[in-house]
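Numbering (UniProt numbering), first residue to last: 1 to 107.
Here the structure comes first, spelled out in structure tokens, and everything after it is commentary.
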């Protein structure tokens, strides 16, 4: 039964994120790996409160930033999926991996 590895990459730095996922896509094409994506998601707007002191109350304007997400699916190439999931990425990149086992039709 084939395995599908879904990788989700998140970052506040869209340029670095796109460079990382495009590099993975090029590596997959070079090795003949079946890859779907990267699938972009709409940016998520996040805000974080900033206080002038250690206790809530008097504060600055909230810090607002965008988080960008790209998803990639690697089909039935377990070694390549392990390599990609285990790679070192810039600190601004967050990676999540999810592995599914899919059965064929009628199995």
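A virtual CB, placed ideally from N, CA and C, is assigned to each residue, including glycine.
All values derive from a computational prediction rather than experimental measurement.
Same chain, Cβ closer than 6 Å to residue i, neighbours up to 5 away in sequence not counted
i, result
"residue 81", "5 and 74"
"residue 98", "6"
Classification of residue i by the beta-carbon crowding that lies within 10 angstroms, buried from 16 upward
i, result
"residue 9", "buried"
"residue 41", "exposed"
"residue 46", "exposed"
"residue 90", "exposed"
"residue 70", "buried"
"residue 38", "buried"
"residue 54", "exposed"
Of the residues the options, the one placed nearest residue i, counting alpha carbons only
i, options, result
"residue 11", "2, 21 and 3", "21"
"residue 51", "59, 45 and 44", "59"
Where residue i sits in the DSSP three-state scheme
i, result
"residue 71", "strand"
"residue 32", "coil"
"residue 7", "strand"
"residue 97", "strand"
"residue 26", "helix"
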